[in-house]
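Residue numbers (the UniProt record's numbering), protein chains in the order written: chain A, 1 to 217; chain B, 1 to 217.
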């Protein structure tokens, strides 16, 4: 029984890792479409999100089956319930990447970002992709240093996000109102994507140590 | 055993209803602070959100205890797992009401909204408060007509949200860029709040009927 359970738990872990890879790729491709005003690629990202939703649903059904058939308790139970929370965060990361791609489509053939903002958003996208990749690594290895690193990367996103609002409020901001709206939304999507990565990292840390706040070794 | 379980399930239901009341009140008071540039009331809403987080956490621990001690299966198990999802949605509604209050504080002593937008936002806030109240009623009565009504109210919010973007893109929009950003964010928070209400409504509908899409009788 115990052996079967461990195999099931392993499968759930692999499904989470798979989801984290898909949402890392979704952000990478969504941001590429966003930078290049590539509406075809944006459309592919939007279509691919259905697969993330499908896999999240499959993972959740799998977790419920385990709860029903194996009746896990203590840390095993917490791991299964935690996987439901983590799959929800990963699914939401997929949605946010899709929202970036939707902005691309909405403004096509124009680019969403004014030239002055591309540096900031390049950094936010890069940090988010690194966060999603580290989430996958953390799920695979349970190396909790990765959880602390994810939190640190997300702090950098928060600073960049605040910088976007400062830029919008500055005297030399000369963009039209719809551009201001799009930049605001895109920055918010970037910020939320990172937050969900942190949620997964904290959850793994909690499941391993019982503490929410990861400590660097 | 069965009787104990039903009592536990009842308690979880009451905790969800309690959360829905708190987040309805949070939106009501947050929007009042937002309309009146009342920074004291905004601060109270922000502080009160800790209670929502605490109660969500308590509900989740309770649900995990039930899973561990009673090992429910079939529809009982789905109800418990569903309650974890619903508590997460309700907690997020509390966060979004808090975000509205945070905008109030950020712009104090100015009001966040230009005069031309108050009518639209009054309607969005009113629809959201009605959604949260109907979520509580739905949880209490399982009258699935309420689920369909919630979905309909949320469609009205989506239309108002789209109207905000049209207003921002119109020739006569003459607000400065930070105002445009705040209006964009506030509208997004309103839209997301309603979406989470719909998530809870669909979940209740699914648990009762096995279908995601509520049908009006």
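C-beta: ideal position from N, C-alpha, C; glycine also. Since we're looking at a predicted model, the values are computed, not measured.
*Can you give me the start and stop residues for the alpha helix (DSSP H) that residue 35 (chain B) sits inside?*
2 to 36
*Shorter than 8 angstroms from the beta carbon of residue 81 (chain A) to some beta carbon of chain B?*
Yes, because at least one Cβ of chain B sits closer than 8 angstroms to the Cβ of residue 81 (chain A).
*Sort A:90, A:192, A:189 and A:167 by Cα distance to residue 180 (chain A) and report the nearest one.*
A:167
*Would you check if there are 3 or more beta carbon pairs closer than 8 angstroms linking the segment 6 to 26 of chain B to the segment 125 to 133 of chain B?*
yes
*Under a CB-based cut-off of 8 angstroms, is residue 173 (chain B) close to chain A?*
yes
_Looking at residue 28 (chain A): is its Cβ nearer than 8 angstroms to the Cβ of residue 52 (chain A)?_
no
*Flag residue 165 (chain B) as yes if its beta-carbon sits less than 8 angstroms from any beta-carbon of chain A, otherwise no.*
yes
*Could you tell me if residue 49 (chain B) is buried or exposed, where buried requires 16 or more neighbouring beta carbons within 10 angstroms of its beta carbon?*
buried
*Proximity of residue 154 (chain A) and residue 194 (chain A) at Cβ, strictly below 8 angstroms*: yes
*asked:* Just to make sure I have the definition right: I need the residues of chain A whose C-beta is within less than 8 angstroms of the C-beta of residue 201 (chain B). Which are they?
replied: Those do not exist, as residue 201 (chain B) stays about 17 angstroms from chain A at its closest Cβ, beyond 8 angstroms.
*Using a Cβ-Cβ cut-off of 8 angstroms, state whether residue 178 (chain B) counts as contacting chain A.*
yes
*Quick check: the segment 34 to 47 of chain A against the segment 132 to 148 of chain A, are there 3 or more CB pairs under 8 angstroms?*
No, they do not touch.
*asked:* Check whether the segment 176 to 190 of chain B and the segment 95 to 109 of chain B touch, using three or more Cβ-Cβ pairs below 8 angstroms as the test.
replied: yes
*Does the distance from the C-beta atom of residue 12 (chain B) to that of residue 59 (chain B) stay below 8 angstroms?*
Result yes, Cβ atoms of residue 12 (chain B) and residue 59 (chain B) sit closer than 8 angstroms.
*Within its chain, find whatever has a CB closer than 8 angstroms to the CB of residue 211 (chain A); leave out the 5 residues flanking it on each side and keep chain order.*
205
*Roughly how many whole angstroms lie between the Cα atoms of residue 68 (chain B) and residue 170 (chain A)?*
Those two C-alpha atoms are separated by around 55 angstroms.
*Segments assigned alpha helix (DSSP H), at least 4 residues, entirely inside the UniProt domain "PhoU" (122 to 204) of chain A*: 145 to 169
_Exposure of residue 260 (chain A), with buried meaning 16 or more beta-carbon neighbours within 10 Å_ = Look at the range of chain A in this structure, 1 to 217, and you will see that residue 260 (chain A) is not part of it.
*Give a yes or no on whether the C-beta atoms belonging to residue 16 (chain A) and residue 86 (chain A) are separated by under 8 angstroms.*
Result yes, Cβ atoms of residue 16 (chain A) and residue 86 (chain A) sit closer than 8 angstroms.
*asked:* With a threshold of 8 angstroms between beta-carbons, can residue 276 (chain A) be considered close to chain B, or not?
replied: Here chain A comprises residues numbered 1 to 217, so residue 276 (chain A) is not present and cannot be evaluated.
_Contact with chain A by residue 198 (chain B), beta-carbon distance below 8 angstroms_ = no
*Along chain B, which residues have their Cβ under 7 angstroms away from the Cβ of residue 16 (chain A)?*
In chain order: nothing, as chain B lies at least about 17 angstroms away.
_Would residue 89 (chain B) and residue 199 (chain B) be called neighbours here (beta carbons separated by less than 8 angstroms)?_
Contact: yes.
_Residues of the UniProt domain "PhoU" (18 to 103) of chain B in Cβ contact with chain A at a cutoff of 9 angstroms, in chain order, please._
60, 63, 64, 67, 68, 69, 71, 72, 73, 74, 77, 78, 80, 81, 84, 85 and 88
*asked:* Report the CB separation of residue 160 (chain A) from residue 124 (chain A) in whole angstroms; it is logged as a contact under 8 angstroms.
replied: 5 angstroms
_Cα-Cα separation, residue 197 (chain B) to residue 139 (chain B)_ = 12 angstroms
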